[in-house]
Amino acid sequence: MRLKPTAIELSPRCGLGVQYASDFIRCRKLKTLPSQKLHVVTGAFGYSGKYIAARLLKEGQRVRTLTNSVQRANPFGGQVEAHPFNFDAPDKLVESLRGATVLYNTYWMRFNYKTDFKHAAAVENTRKLFDAAKRAGVERIVHVSITNPSEDSPLEYFSGKAKLERALIESGLSYAILRPTVIFGKEDILIHNIAWTLRHLPVFGVFGDGTYKLQPIYVDDLAALAVTQGKSRENRIVDAIGPETFTYRELVRVIGESIGARRPIIGVPPWFGYAVGSAISRLQGDVFITREEIDGLMSGLLYTDSPPAGATRLTDWARANAATLGVKYASELARRKNRAAAYESL
Ligand SMILES: NC(=O)c1ccc[n+]([C@@H]2O[C@H](COP(=O)([O-])OP(=O)(O)OC[C@H]3O[C@@H](n4cnc5c(N)ncnc54)[C@H](OP(=O)(O)O)[C@@H]3O)[C@@H](O)[C@H]2O)c1
């Protein structure tokens, strides 16, 4: 017998469902409440996109994700529908964005790797994403970039990000561009692998003198900023930095103290640090760090003089997460090769 729905509520089993006056809840096609809007978040089963999606769901919004990994462990159950990116099928990409008010874009490739992935491809695909969003009638794009992007930069990460910022600004779409430095959280790579190295090596080598600065932002603070910016229609560029500024040397010391792995921290020539990093890469079947990343760090590109956009202190977070921080190596390549497991389990 078909029963009349008695209430619309968030059901843990099937997301936003329809509760029936019966002894079970039937999950039906998602019903939209009048205040609900569709938000599209890239990579919602990955790192920062996951926190943005979680915040939107908490506010009762509908969330769809575009991802390379539709089969990846989905922490949201039926509440988030997953579509592939479809960069090579523009009409399908448009359809997957149709009806969305805001697109939150986290899509990027961290480094060039063999013929498998390249910054240039990330730039080309992101342009396609912006075009598709415009054709689909998306009202606003919240785009995650990087601190200090520049089209003149010799570092492709920073020049590619600058090209994309310009493409978005010139698209005529309403935009917020968020420029984070290092993003920390339980799925992060850099901070985890600094901790992992401290746990495994008797001394820690910083590239050069280690006095270049960073201002890490907590991933959920970045997500909060993204969601807030999704509500505005004012064009904005925000440096998404955390409340603490560390030199790289201080950052390593703070992480070491937090996890109880105090090590001598010595300055090493960048080529030597890269060689040690390459040995770790071979051991782990990963790319531990690239020459470009070392150059970006040492050129102070992860530092700005803007006010903080997040309140969570890495110092507090590292202490609170000392039991797990850096216990396991965090592998970028494992995340790209295994498209089914959650990041934090790889
Ligand atoms: N993490 C940081 O410390 C940091 C610092 C500064 C700026 N950012 C910026 O913040 C944004 C989000 O970073 P995140 O660390 O949160 O990223 P993420 O979740 O690991 O990935 C974001 C999206 O990009 C896709 N992606 C990542 N690498 C890829 C590759 N090699 N080939 C194809 N697709 C790839 C992911 O694919 P799936 O759909 O398969 O998950 C996901 O859809 C990026 O734009 C990044 O430049 C990050």
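Sequence positions in the sequence shown follow our numbering and run 1175 to 1520. For each residue, glycine too, the CB sits at the ideal point set by N, CA and C.
Ligand 1 and residue i: does any heavy atom of the ligand fall closer than 7 angstroms to the residue's C-beta?
| i | result |
| --- | --- |
| residue 1503 | no |
| residue 1472 | no |
| residue 1356 | yes |
| residue 1318 | yes |
| residue 1362 | yes |
| residue 1519 | no |
| residue 1282 | yes |
| residue 1427 | no |
| residue 1250 | no |
| residue 1521 | The question about residue 1521 has no answer, for the chain in this structure spans 1175 to 1520. |
| residue 1216 | yes |
| residue 1242 | yes |
| residue 1386 | no |
| residue 1222 | yes |
| residue 1462 | no |
| residue 1164 | The question about residue 1164 has no answer here: the residues shown for the chain are numbered 1175 through 1520. |
| residue 1513 | yes |
| residue 1291 | yes |
Where does residue i fall in DSSP's three states?
| i | result |
| --- | --- |
| residue 1275 | strand |
| residue 1281 | coil |
| residue 1336 | helix |
| residue 1410 | strand |
| residue 1426 | helix |
| residue 1452 | helix |
| residue 1328 | coil |
| residue 1440 | strand |
| residue 1446 | helix |
| residue 1355 | coil |
| residue 1464 | coil |
| residue 1287 | strand |
| residue 1488 | helix |
Measure the C-alpha to C-alpha separation of residue i and residue j and round it to an integer number of angstroms.
| i | j | result |
| --- | --- | --- |
| residue 1214 | residue 1318 | 14 angstroms |
| residue 1449 | residue 1395 | 34 angstroms |
| residue 1266 | residue 1357 | 31 angstroms |
| residue 1198 | residue 1493 | A caution first: residue 1198 carries a pLDDT of 31, below 50, which makes its placement in the model too unreliable to give a value. |
| residue 1302 | residue 1268 | 10 angstroms |
| residue 1248 | residue 1516 | 8 angstroms |
| residue 1286 | residue 1460 | 13 angstroms |
| residue 1349 | residue 1407 | 7 angstroms |
| residue 1443 | residue 1381 | 6 angstroms |
| residue 1440 | residue 1289 | 35 angstroms |
| residue 1218 | residue 1270 | 15 angstroms |
| residue 1476 | residue 1279 | 20 angstroms |
| residue 1457 | residue 1367 | 13 angstroms |
| residue 1606 | residue 1304 | A query on residue 1606 cannot be resolved here, the shown segment of the chain reaching from 1175 to 1520 and no further. |
| residue 1508 | residue 1220 | 12 angstroms |
| residue 1331 | residue 1300 | 14 angstroms |
| residue 1479 | residue 1352 | 15 angstroms |
Can you tell me the Cβ-Cβ gap for residue i and residue j, rounded? I've got them flagged as a contact below 8 angstroms.
| i | j | result |
| --- | --- | --- |
| residue 1388 | residue 1437 | Residue 1388 to residue 1437, Cβ: 19 angstroms. No contact. |
| residue 1392 | residue 1251 | About 25 angstroms separates the two Cβ atoms, so there is no contact after all. |
| residue 1274 | residue 1244 | With a Cβ gap of about 17 angstroms, residue 1274 and residue 1244 do not count as contacting. |
| residue 1308 | residue 1323 | Going by Cβ atoms, the distance from residue 1308 to residue 1323 rounds to 21 angstroms, so no, they are not a contact pair. |
| residue 1329 | residue 1466 | 5 angstroms |
| residue 1316 | residue 1404 | 5 angstroms |
Could you tell me which residues DSSP puts in a beta bridge with residue i?
| i | result |
| --- | --- |
| residue 1421 | 1387 |
| residue 1350 | 1316 and 1410 |
| residue 1255 | 1238 |
| residue 1212 | 1236 and 1274 |
| residue 1379 | 1440 |
| residue 1392 | 1358 |
Would you say residue i faces chain C, with C-beta separation under 8 angstroms as the test?
| i | result |
| --- | --- |
| residue 1372 | Within the model displayed, chain C is absent; a lone protein chain is all it includes. |
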